[in-house]
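Trainee:
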Ligand SMILES: Nc1ncnc2c1ncn2[C@@H]1O[C@H](COP(=O)(O)OP(=O)(O)OP(=O)(O)O)[C@@H](O)[C@H]1O
Ligand SMILES: [Mg+2]
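Chains as they are written, first to last, in my numbering: chain A, 35 to 291; chain B, 245 to 566.
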């Protein structure tokens with residue numbers, strides 16, 4: 035689905051991502067783990083087009099999208115959530131979801147002023163989907179609240195909801211679990227599994243909670259200091275010496291247990 | 245003041261307030277919806293004013309044109325040229341973050357004003373353009389004509405208000421507010437941020453041009469003094485901040501109330517002893533500045549803050565307060 039070829043991302047002297055190459059399989063839930071500052075978010079930003087890499091190529095199903103701006107990648111079916119919530123603060127929760135929907139007719143200024151009938155149907159469909167998404171994420175009771183007033187966890191849910199509204203083929207989830215209560219997190223995991231199994235959505239998720247990763251991901255990539263350390267099933271990487279070294283600086287501990 | 249004098253003071257007041265209302269609505273599209281910091285309002289105002297003046301005035305050897313076209317044609321042309329100017333500015337500056345855009349727009353507005361002052365063949369420089377007509381000229385004479393013009397201005401205010409409201413209450417407006425609140429997230433959900441900003445800037449600039457045209461027709465005379473940034477750019481910003489940015493009604497309320505206070509301070513400062521009278525203009529600015537501080541202390545987002553337009557078929561609104 036996504037292929038990265040020799041991606042390097044430098045910020046001044048620091049190579050946040052240092053010659054990373056891997057591919058994310060279609061229809062698979064891939065986990066991306068690694069200690070703080072490993073370069074995981076930077077890599078997501080490169081896949082989503084928020085950053086253009088210093089060198090290397092990004093391919094989406096074979097097409098080179100290295101220099102494609104993020105909104106065009108979004109139209110190609112790529113969605114992402116942000117580690118630090120990027121809500122539209124002055125919009126209501128409902129508007130936050132609806133704005134993510136496809137309302138191309140209503141986004142034409144001319145139609146907005148003179149041909150308002152033209153986008154009623156499209157608007158209605160987006161509204162219904164937004165309501166369903168809110169129900170699923172247990173956010174319906176705050177739908178008329180300004181998103182800026184939500185709690186940290188609620189903003190994370192909003193992030194997820196917005197990316198689901200895009201009906202994407204590939205969703206990048208950056209620490210979606212951080213700050214969300216266990217019960218709901220379990221439900222989200224089920225939803226991710228269902229979307230993956232029934233609709234064929236591809237996911238790539240960054241998560242520090244390895245139990246959560248082990249529940250969802252069949253394929254785990256471990257990063258440290260801008261490089262890919264290893265890749266495999268969660269059990270394989272958990273017991274990998276280099277991974278333990280990266281997380282604990284060589285101490286004899288087992289990761290995540 | 246006698247009642248008739250008072251009436252015509254009021255008429256003049258409302259005409260100017262209407263022109264300011266259009267400016268304020270225009271700035272609201274740019275800043276309130278789109279988060280674009282336009283500090284060059286006076287420049288677009290001037291482009292509109294001179295376009296309409298040159299197209300509709302009587303021919304004169306002192307400046308270009310004088311084509312005696314109908315006023316409505318002049319006003320539409322004003323919107324087009326100001327909009328095109330806005331397009332050019334936006335093409336250059338729109339990728340700039342808001343504070344840089346502010347600086348760039350001040351600079352460009354000042355360049356436009358310098359052109360107006362210095363290119364006498366075009367604008368007759370500081371001597372200005374005379375014999376600018378009003379719509380329905382000849383229908384009424386003397387001061388009654390002001391009343392007709394008042395109605396004309398407020399019809400245009402109403403149209404602009406309607407257009408702005410429809411823009412606001414639409415997926416277009418919603419997307420624009422999303423772009424304003426978080427451009428990265430807007431891009432991530434597929435919005436072409438640069439294109440939305442460009443559209444916003446052009447629409448706002450075109451409306452500013454309309455306001456400029458109306459002011460030229462009102463005074464029947466146009467010189468660079470009419471495009472003084474202190475009176476246009478600064479005052480309009482105060483109006484929008486006080487009225488409530490992001491709210492079209494707030495924009496109009498802001499224009500009316502700040503212009504009322506501005507006009508009242510004129511009455512006061514005109515009665516000051518002579519040694520103060522020359523200082524009146526900056527005393528008034530100071531007063532207006534203080535007033536804005538006061539309003540913003542009490543109402544942080546202006547008198548009428550931004551409100552989401554709501555979704556027409558979203559019936560169970562009562563679950564929470566909006
Ligand atoms: N825009 C930027 N400018 C400069 N340095 C940056 C920038 N973005 C990231 N970095 C640096 O790149 C490195 C990797 O950061 P990144 O956010 O990708 O880590 P991460 O793996 O997501 O960490 P965490 O688990 O804490 O979220 C860090 O050292 C960070 O300081
Ligand atoms: Mg991160």
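Where a beta carbon is used, it is the ideal one built from N, C-alpha and C, also for glycine.
So if I measure from each beta-carbon to every heavy atom of ligand 1 and keep distances below 5 Å, which residues remain?
Mentor: A:45, A:50, A:70, A:71, A:72, A:73, A:74, A:75, A:76
Trainee: Among the residues of its own chain, which have a CB less than 6 Å from the CB of residue 424 of chain B, if the five just before and after it don't count?
Mentor: Numbered from 1 along the second chain, position 180 holds the residue referred to as residue 424 of chain B. Same-chain partners within the cutoff: 278, 279.
Trainee: Mind checking whether residue 455 of chain B and residue 267 of chain B have CB atoms under 8 Å apart?
Mentor: Residue mapping note: residue 455 of chain B aligns to position 211 of the second chain, counting from 1. Residue mapping note: residue 267 of chain B aligns to position 23 of the second chain, counting from 1. Note that the C-beta distance between residue 455 of chain B and residue 267 of chain B is below 8 Å.
Trainee: Got a sec: which bits of the segment 260 to 294 of chain B sit with their beta carbon under 7 Å from any beta carbon on chain A, in order along the chain?
Mentor: none
Trainee: Which of helix, strand or coil does DSSP assign to residue 204 of chain A?
Mentor: Within the first chain, residue 204 of chain A is the residue found at index 170, counting from 1. Looking at residue 204 of chain A - three-state DSSP - the assignment turns out to be strand.
Trainee: Can you confirm whether the segment 122 to 138 of chain A touches the segment 171 to 179 of chain A when touching is taken to mean that 3 or more C-beta pairs between the two stretches lie within less than 8 Å?
Mentor: yes
Trainee: Based on Cα-Cα distance, which residue from A:207, A:202, A:102, A:281 lies nearest to residue 191 of chain A?
Mentor: Position 157 of the first chain holds residue 191 of chain A. Here the closest residue by C-alpha is A:207.
Trainee: DSSP puts residue 57 of chain A in a beta bridge; with which residues?
Mentor: By 1-based counting over the first chain, the position of residue 57 of chain A is 23. DSSP output for residue 57 of chain A lists A:37 as bridge partner(s).
Trainee: Within the 8 Å Cβ cut-off, does residue 477 of chain B reach chain A?
Mentor: As a first step, residue 477 of chain B is located in the second chain; it is residue number 233 there, counting from the start. So no, residue 477 of chain B is outside the interface.
Trainee: For residue 205 of chain A and residue 478 of chain B, what's the separation of their Cα atoms in angstroms?
Mentor: Against the first chain, residue 205 of chain A aligns to sequence position 171. Against the second chain, residue 478 of chain B aligns to sequence position 234. Taking the straight line joining both Cα atoms gives about 46 Å.
Trainee: Give me the DSSP bridge partner(s) of residue 370 of chain B.
Mentor: Taking the second chain and counting its residues from 1, one reaches residue 370 of chain B at position 126. Residue 370 of chain B is not bridged to any residue.
Trainee: Use the C-beta contact count for residue 377 of chain B: other C-beta atoms within 10 angstroms, 16 or more gives buried, fewer gives exposed.
Mentor: In the second chain, counting from the first residue as 1, residue 377 of chain B sits at position 133. Buried is the call here.
Trainee: Work out the CA separation of residue 164 of chain A and residue 52 of chain A for me, nearest whole Å.
Mentor: Within the first chain, the letter at position 18 stands for residue 52 of chain A. Within the first chain, the letter at position 130 stands for residue 164 of chain A. Each residue's alpha carbon lies about 39 Å from the other.
Trainee: When DSSP labels each residue in this structure, what does residue 236 of chain A get in the three-state scheme?
Mentor: To locate residue 236 of chain A, count along the first chain from 1; it is residue 202. In this structure, residue 236 of chain A counts as strand in the three-state DSSP scheme.
Trainee: Which one of B:470, B:549, B:492, B:496 has the shortest CA to CA distance from residue 374 of chain B?
Mentor: As a working note, residue 374 of chain B is residue 130 in the second chain. Selected option, being the one with the closest Cα: B:470.
Trainee: Does residue 378 of chain B get closer than 8 Å to chain A when you measure Cβ to Cβ?
Mentor: For the purposes of this step, residue 378 of chain B is identified with residue 134 of the second chain, where counting begins at 1. No, residue 378 of chain B does not count as interfacial toward chain A.
Trainee: The beta strand (DSSP E) spanning residue 94 of chain A covers which residue range?
Mentor: As a working mapping, residue 94 of chain A is identified with position 60 in the first chain. Per DSSP, residue 94 of chain A is one residue of the beta strand (DSSP E) stretching across 89 to 94.
Trainee: Does DSSP put residue 307 of chain B in a helix, a strand or coil?
Mentor: Taking the first residue of the second chain as position 1, residue 307 of chain B is located at position 63. Reduced to three states, the DSSP call for residue 307 of chain B is coil.
Trainee: Check residue 110 of chain A in the structure and name its three-state DSSP category.
Mentor: Residue mapping note: residue 110 of chain A aligns to position 76 of the first chain, counting from 1. Residue 110 of chain A falls in the coil class under three-state DSSP.
Trainee: Report the residue ranges of all alpha helix (DSSP H) runs contained in full by the segment 426 to 486 of chain B; include only those spanning at least 4 residues, in chain order.
Mentor: 427 to 432, 437 to 463
Trainee: Which chain A residues are close to residue 447 of chain B, counting only those with a beta carbon under 8 Å from its beta carbon?
Mentor: Taking the second chain and counting its residues from 1, the one referred to as residue 447 of chain B is at position 203. Contact of residue 447 of chain B with chain A by beta-carbon distance below 8 Å involves 143.
Trainee: Are the segment 322 to 329 of chain B and the segment 377 to 396 of chain B touching, with three or more C-beta to C-beta distances below 8 Å?
Mentor: no
Trainee: Smallest Cα separation from residue 439 of chain B: which of B:403, B:419, B:463, B:385?
Mentor: By one-based count along the second chain, residue 439 of chain B stands at place 195. Residue B:419 is the option with its Cα nearest to residue 439 of chain B.
Trainee: My understanding is that residue 250 of chain A touches residue 272 of chain A, with C-beta atoms under 8 Å, so please give their C-beta distance in whole angstroms.
Mentor: If you number the first chain from 1, residue 250 of chain A lands on position 216. If you number the first chain from 1, residue 272 of chain A lands on position 238. Actually they are not in contact, since the Cβ atoms of residue 250 of chain A and residue 272 of chain A sit about 15 Å apart, beyond 8 Å.
Trainee: Return the residue from the list A:63, A:199, A:75, A:107 that minimises the CA-CA distance to residue 83 of chain A.
Mentor: Within the first chain, the letter at position 49 stands for residue 83 of chain A. The shortest C-alpha separation from residue 83 of chain A is found at A:107.
Trainee: Can you check which of these residues, A:122, A:99, A:120, A:118, is closest to residue 112 of chain A by C-alpha distance?
Mentor: Here residue 112 of chain A is taken as the residue at index 78 of the first chain, counted from 1. With distances taken between Cα atoms, residue 112 of chain A lies closest to A:99.
Trainee: Any heavy atom of ligand 2 inside 7 Å of the beta-carbon of residue 208 of chain A?
Mentor: By one-based count along the first chain, residue 208 of chain A stands at place 174. Within the chosen limit of 7 Å, ligand 2 reaches the beta carbon of residue 208 of chain A through at least one heavy atom.
Trainee: Count the other C-beta atoms from every protein chain shown that fall within 10 angstroms of the C-beta of residue 541 of chain B, then say buried if there are 16 or more, exposed otherwise.
Mentor: Within the second chain, residue 541 of chain B is the residue found at index 297, counting from 1. Per the 10 Å Cβ criterion, exposed.
Trainee: What does residue 153 of chain A reach in chain B if we use C-beta pairs closer than 8 Å?
Mentor: Counting from 1 along the first chain, the entry for residue 153 of chain A is found at position 119. Residues of chain B passing the Cβ test: 414, 415.
Trainee: Roughly how many angstroms lie between the CA atoms of residue 202 of chain A and residue 552 of chain B, to the nearest whole one?
Mentor: What you label residue 202 of chain A is simply residue 168 of the first chain in a count that begins at 1. What you label residue 552 of chain B is simply residue 308 of the second chain in a count that begins at 1. One C-alpha to the other measures close to 27 Å.
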